[in-house]
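My numbering runs 51 ahead of the 1-based position in the sequence shown.
Idealized CB from N, CA, C, for every residue including glycine.
All remarks here apply to the structure that follows.
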Amino acid sequence: MADVQNTFQGPVGSVSGDGAKVNIGNVGDGTGTVNDGTAPAAADAPTLLALIEQLRTEIAEVRAQLPERDATELDAAVAELAEEAGQEEPQRSRLRRFARNVRDILADAGETLAPFGTAVGIYTALGG
Numbered sequence: 052m053a054d055v056q057n058t059f060q061g062p063v064g065s066v067s068g069d070g071a072k073v074n075i076g077n078v079g080d081g082t083g084t085v086n087d088g089t090a091p092a093a094a095d096a097p098t099l100l101a102l103i104e105q106l107r108t109e110i111a112e113v114r115a116q117l118p119e120r121d122a123t124e125l126d127a128a129v130a131e132l133a134e135e136a137g138q139e140e141p142q143r144s145r146l147r148r149f150a151r152n153v154r155d156i157l158a159d160a161g162e163t164l165a166p167f168g169t170a171v172g173i174y175t176a177l178g179g
């Protein structure tokens with residue numbers, strides 16, 4: 052039996068993302084979804100982009116604590132992640148790779164930095 056979740060917003064009969072989510076309409080408020088379990092639910096692009104912006108804000112706040120080399124690598128890794136996330140059809144493998152790079156750079160700089168938690172959250176949301 053399919054698991055019904057109220058997570059998808061769209062017209063009745065629409066299909067989202069990798070095809071695993073289908074809007075069956077009129078479940079509760081009409082925004083129900085069916086996930087057939089063939090693929091993990093992807094992070095919604097607006098949510099992912101919002102997390103990336105949160106990450107950028109947090110990095111800006113701790114940038115002075117980072118060695119310049121780490122800060123430069125981090126900026127490049129976040130830019131790659133944001134660029135891929137902004138694509139019409141982002142590739143999950145590339146998103147995970149860029150998110151892992153960000154997470155690893157922050158881990159090397161010190162896991163107590165606030166952005167590390169956000170980076171781990173992004174990586175986890177991508178199925179990493």
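Alpha carbon to alpha carbon, what distance is there between residue j and residue i?
i: valine 55; j: arginine 143; result: Low local confidence applies: a pLDDT of 46 at valine 55 is under 50, so the model's placement there is unreliable, with the coordinate-based value given in what follows. Approximately 24 Å, taken between the alpha carbons.
i: glycine 178; j: glycine 161; result: 23 Å
i: glycine 79; j: leucine 100; result: Residue confidence for glycine 79 is low, a pLDDT of 43 falling below 50, so the modelled location carries little weight and cannot support an answer.
i: glycine 172; j: aspartate 126; result: 18 Å
i: proline 141; j: alanine 158; result: 25 Å
i: leucine 106; j: asparagine 152; result: 13 Å
i: phenylalanine 149; j: leucine 117; result: 19 Å
i: proline 166; j: arginine 120; result: 17 Å
i: alanine 90; j: alanine 122; result: Residue placement at alanine 90 cannot be trusted, given a pLDDT of 39 that sits under 50; what the coordinates show is reported in the next sentence. When rounded, the distance between both Cα atoms is 35 Å.
i: threonine 98; j: glutamate 131; result: 17 Å
i: valine 139; j: glutamate 104; result: With the sequence shown as reference, residue 139 is identified as glutamate, and valine is not the correct amino acid for it. Distance between the alpha carbons of glutamate 139 and glutamate 104 is about 18 Å.
i: alanine 115; j: arginine 154; result: 18 Å
Could you spell out where the alpha helix (DSSP H) holding residue i opens and where it closes?
i: glutamate 135; result: 119 to 136
i: leucine 157; result: 143 to 160
i: alanine 170; result: 165 to 176
Measure the beta-carbon distance from residue i to residue j and round it to whole angstroms, keeping in mind my assumption that it falls under 8 Å.
i: threonine 169; j: leucine 102; result: 6 Å
i: valine 113; j: leucine 164; result: 5 Å
i: glutamate 133; j: leucine 146; result: It is alanine, not glutamate, that sits at residue 133 in the sequence shown. Going by Cβ atoms, the distance from alanine 133 to leucine 146 rounds to 10 Å, so no, they are not a contact pair.
Can you check whether the CB of residue j is closer than 8 Å to the CB of residue i?
i: glutamate 124; j: isoleucine 156; result: yes
Does residue i get closer than 8 Å to chain C when you measure Cβ to Cβ?
i: aspartate 159; result: Reference to chain C is not applicable here, since this structure consists of a single protein chain.
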